[in-house]
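Take a look at the structure set out below.
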Amino acid sequence: MTDLLRVGIAELRVDRAPSVLACYGLGSCVAISLYDPELCIGGVAHALLPGPVEDQVVDRPGKFVSTAVGHLVDELLRHGAEQGRLQAKLCGGASMFQGFGGGSGDSIGERNLGAAKKSLAAYGIPIVAADVALDFGRTMEFDLATGMMRVRTVRGRVKLREL
24 MTDLLRVGIA ELRVDRAPSV LACYGLGSCV AISLYDPELC IGGVAHALLP GPVEDQVVDR
84 PGKFVSTAVG HLVDELLRHG AEQGRLQAKL CGGASMFQGF GGGSGDSIGE RNLGAAKKSL
144 AAYGIPIVAA DVALDFGRTM EFDLATGMMR VRTVRGRVKL REL
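Quick note: the sequence shown uses our numbering, first residue 24, plus one each step.
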């Protein structure tokens, strides 16, 4: 029996097949999914912001892209995954709130995506698929038995895409 496990905003979760990890209502948030295809183990972070402000105490590592990737990697390695086999898939990072880029000109979604790419590169983890950016929300389900990510979008109709 497959367990559907919700990963809420600012949360992260690691599990094994046959579980499915799901993030609902991704707007500017980014879902970072890491997967070891040999062990069928993976994790998802539903990150809200690129990183904490200076001197901010981080009590929820899944809240920030900059802390979520490292925590996911550590948890996966603790459960037997090998870093050299990890693959990443990204979802979300939409430009939902124009004008809230913190003066940088980039939206929060764009900044989240940039932070995810930078953090994954620092760990040497390739991004093998992504459904990101633009100006609409998404829901994603990450199937740990297959490594497939199912993405649903609503823009006049439901669109399902498998990555």
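Note that CB positions come from ideal geometry on N, CA and C, so glycine has one too. Note that the structure is a prediction, hence the values are computed from the model and not measured.
Going by other Cβ atoms of all chains shown within 10 Å of its Cβ, with 16 needed for buried, is residue i buried or exposed?
i, result
"residue 105", "exposed"
"residue 86", "buried"
"residue 158", "exposed"
"residue 111", "buried"
"residue 177", "exposed"
"residue 139", "buried"
"residue 115", "buried"
"residue 161", "buried"
What residue from the options has the CA that sits closest to residue i's CA?
i, options, result
"residue 98", "66, 79, 129", "66"
"residue 151", "47, 117, 58", "58"
"residue 133", "143, 146, 155, 144", "155"
"residue 48", "172, 163, 170, 171", "163"
Report the rounded CA-to-CA distance for residue i versus residue j, giving the unit in angstroms.
i, j, result
"residue 34", "residue 185", "23 Å"
"residue 148", "residue 168", "20 Å"
"residue 77", "residue 26", "38 Å"
"residue 69", "residue 51", "10 Å"
"residue 174", "residue 55", "13 Å"
"residue 72", "residue 61", "31 Å"
"residue 53", "residue 100", "22 Å"
"residue 136", "residue 89", "11 Å"
Excluding the five sequence neighbours on either side, which residues of its own chain have a C-beta within less than 6 Å of the C-beta of residue i, listed in chain order?
i, result
"residue 83", "33"
"residue 41", "25, 168"
"residue 166", "43"
"residue 75", "81, 87"
"residue 118", "130, 132, 158"
Compute the minimum distance between the beta carbon of residue i and the heavy atoms of the ligand SAH, and state whether it is under 8 Å.
i, result
"residue 57", "The ligand SAH is not part of this structure, which contains no ligands at all."
Can you tell me where the beta strand (DSSP E) holding residue i begins and where it ends?
i, result
"residue 86", "No beta strand (DSSP E) holds residue 86; DSSP gives it neither H nor E."
Looking only at its chain, what residues have a beta carbon closer than 7 Å to the beta carbon of residue i, apart from the 5 residues adjacent to it on each side?
i, result
"residue 36", "28, 30, 44, 66, 67"
Along the chain, where does the alpha helix (DSSP H) that runs through residue i open and close?
i, result
"residue 133", "131-145"
Within a Cβ cutoff of 8 Å, which residues of the same chain sit near residue i, ignoring the five residues on either side of it in sequence?
i, result
"residue 153", "112, 113, 114, 186"
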